[in-house]
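Below is one structure, written out as structure tokens, with a few remarks after it.
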Amino acid sequence: MSKNSKAKKNSSTTWQYSNALESVDHISISPIYNLYIGGKFVKPLTKKYFNSINPANEKKLAEIALAGKSDVNKAVLAARSAYDNVWCRMDSAERGKYIYRIARLIQEKSRELAIIESLDGGKPIRESRDIDIPLAAAHFFYYAGWADKLDYVFPGRKTSSIGVAGQIIPWNFPLLMAAWKIAPALASGNTVVLKPAESTPLTALKLAEIIQESDLPPGVVNIITGDGTTGELLVNNTKVDKIAFTGSTEVGKIIIKSLAGSKKKYSLELGGKAANIICEDASIDQAVEGIINSIFFNQGHVCCAGSRLYVQESISNQIISKLKNRMDHLILGDPLDKNTDIGAINSNAQLKKIKMYLDLGKNEGGIIYQSKHSIPKKGYWCAPTLFTDISQSHRIVQEEIFGPVLAIQTFRTIDEVIAKANNTPYGLSGGVWTDKGSKIFQISKEIRAGVIWANTFNIFDPTSPFGGYKESGIGREGGLEGISPYVNFINRT
Ligand code: NAP
Ligand code: MG
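Quick note: the sequence shown uses our numbering, first residue 284, plus one each step.
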């Protein structure tokens, strides 16, 4: 966090900063967005539109087309035709060039994309500017590089593309999730129909404009907006060959049931309830900062957020007191302010869900602590919250809240904390904070989760595979592993 020259301390030792609002003069948001099908923006056959709002002030940003059954069919047929006639026949190095071009255009428009991401979703500009948008470009760059080297991805095995991929994404990392899905699908020769989340469609539609500008052949990427019903129609469309879904475990289970018995391939990236473990030999301040980052930044709207904290008993009082102090000094407010740590909750529905869990935690006997923030009158907001005096059986320890809510327990031995960390239906991620390499190896080996960070958290790279165990999903995205959900293995050479 930059301390600008006007920063001053008030009597309660909280630093006050002058506003540092990102300018919105240079961004363009149309009042109405149509569906991107076959290389053109077309009106929905349903003739229906819904609003996307800014969750920080509840103001309407744009009207968005609602795709129905005939629109979904149209998009899938466009993708099918582009696959059969153009994309799967194109030289793989040529395909790579288009993907590089999309990556470069994302970089060129990164400021505009970051601002729109923050306006539409409520996340602090620091996050969309420094994390979401650069990583989205990095994913396109990374997979562009593999497009003409697919024969080397799986040594000794020959692969072919699958066909049309139906891709459905959530609202927490809208452009980044679109990149995670589209880039490997295109690189391995497939065409795409993507449906972004209802509350955050804008950057996916901006990506459609970028794709149009890149001259990607029409129909290779189609972006259709809508709600859960649109997603369901895409899943059940018989001309789709593969479904890639990122979202809640609840919807993931519905999808898996509807795909049972069909020949469609699928990959699912679902919910999480990550355990962060602080051992008594950890660097205390580094661990506290890591915990704050892992659960409170981006309002806890992160599938791999460290929502459960296990602290070794001898240091628990010290850690909890430092966490409370740090929570009180986070800056909550306008997502477009560069000083903001905590932005708006993504939607009213999500805020209600979080509040339900806060009540539940208190009713189950947990002791709640909320930071002392004044909450803006308009918009959806939740102050950083922690619970102590809870146990494994509490629902706030077992269930994904997807908000800035931390459940803290203590432990005495490493075996005990490993058992507790594994005691949820999820297995997406985890973290360990210790000075001892041997503990890192033991804990990361024995926790059943797709990624374990050591003395850091929420670090991503396109070369690293990401995905879950248990109810956190099936398949991996990112890295070489992220290509396998988009290919058929033909034979061994
Ligand atoms: P969600 O409710 O499951 O929705 C995800 C997407 O699916 C949205 O586009 C949604 O449309 C659509 N959808 C809803 N019902 C559907 C149905 N029956 N069939 C097909 N599609 C349907 O999840 P969310 O609330 O947007 O996102 C939060 C969840 O995503 C959390 O559980 C989080 O852990 C998970 N997540 C996981 C990862 C990962 O990599 N593992 C990454 C990010 C997020 P609408 O928006 O219109 O409802
Ligand atoms: Mg919105």
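Glycine included, each C-beta is placed from N, C-alpha and C at the ideal position.
Residues bridged to residue i [DSSP beta-bridge criterion]
i: Trp736; result: Gly714
i: Gln450; result: Leu477 and Ala527
i: Ile625; result: Leu615
i: Phe456; result: According to DSSP, Phe456 bridges with nothing at all.
i: Phe324; result: Tyr319
i: Ala421; result: DSSP output for Ala421 lists no bridge partner at all.
i: Phe772; result: Thr442
i: Val355; result: Its beta-bridge partners do not exist; DSSP assigns none.
i: Phe333; result: Ile347
i: Gly756; result: Glu552
i: Leu304; result: Asp620
i: Phe749; result: Glu760
Cβ-based burial, residue i [other Cβ within 10 Å; buried from 16]
i: His422; result: buried
i: His584; result: buried
i: Arg591; result: buried
i: Met610; result: buried
i: Val680; result: buried
i: Gln601; result: exposed
i: Ala565; result: buried
i: Thr512; result: exposed
i: Ser675; result: Reading off the sequence, residue 675 comes out as Gln, not Ser. Result: exposed.
i: Ser294; result: Residue placement at Ser294 is flagged as unreliable, the pLDDT there being 46, under the threshold of 50; the coordinate-derived value follows with that caveat. Answer is exposed; the Cβ neighbour count stays below 16.
i: Ile493; result: buried
i: Tyr316; result: buried
i: Pro708; result: exposed
i: Val307; result: exposed
i: Phe772; result: exposed
i: Ser288; result: Here Ser288 scores only 41 on pLDDT, less than 50, and its place in the model should not be relied on; the value that follows carries that caveat. It counts as exposed.
i: Asp354; result: buried
i: Thr668; result: buried
i: Met284; result: Low confidence applies here, because Met284 scores a pLDDT of 39, under 50, leaving its location unreliable; read the following figure in that light. Met284 should be labelled exposed.
i: Phe724; result: exposed
i: Asp718; result: exposed
i: Ile575; result: buried
i: Gly756; result: buried
i: Ala461; result: buried
i: Thr486; result: buried
i: Gly761; result: buried
i: Thr696; result: exposed
i: Ala376; result: exposed
i: Asn302; result: exposed
Distance between beta carbons of residue j and residue i, contact taken as under 8 Å
i: Leu542; j: Ile526; result: 6 Å
i: Val447; j: Asp524; result: 5 Å
i: Gly758; j: Leu551; result: 7 Å
i: Lys478; j: Gly502; result: Actually they do not touch by this definition, with Cβ atoms about 16 Å apart.
i: Ala420; j: Ser393; result: 7 Å
i: Lys441; j: Asn774; result: 6 Å
i: Tyr593; j: Lys703; result: 6 Å
i: Gly710; j: Ala732; result: 5 Å
i: Pro457; j: Thr474; result: Incorrect: roughly 21 Å between the Cβ atoms, too far for contact.
i: Val504; j: Ile465; result: 6 Å
i: Leu459; j: Leu396; result: That belief does not hold up - the Cβ atoms of Leu459 and Leu396 are roughly 10 Å apart, past 8 Å.
i: Arg384; j: Ser497; result: 4 Å
i: Ile398; j: Ile414; result: Between Ile414 and Ile398 the Cβ distance is about 14 Å, and since that is not below 8 Å, they are no contact.
Enclosing alpha helix (DSSP H) for residue i [first to last residue]
i: Thr512; result: Gly511 to Asn519
i: Ile701; result: Ile697 to Asn705
i: Leu344; result: That residue, Leu344, is in no alpha helix (DSSP H); its beta strand (DSSP E) goes Lys342 to Ala348.
i: Ile382; result: Ser375 to Glu391
i: Ala491; result: Leu485 to Glu496
i: Lys540; result: Thr532 to Leu542
i: Gly720; result: Gly720 to Glu729
Enclosing beta strand (DSSP E) for residue i [first to last residue]
i: Asn368; result: Segment: none, Asn368 is in no beta strand (DSSP E) and carries neither H nor E.
i: Lys441; result: Arg440 to Ser444
i: Ala690; result: Val688 to Phe694
i: Glu552; result: Lys548 to Glu552
i: Ala558; result: Ala558 to Ile561
i: Val504; result: Val504 to Ile506
Distance cut-off 7 Å: residue i Cβ against heavy atoms of ligand 3
i: Leu551; result: In terms of ligand content, the structure shown lacks ligand 3 and carries ligand 1 and ligand 2 instead.
Hey, which unbroken runs of the alpha helix (DSSP H) at 4 residues or more fall wholly within the region 632-683?
678-681
Give, in chain order, every unbroken run of the alpha helix (DSSP H) that is at least 4 residues long and sits entirely within the region 572-621.
599-611
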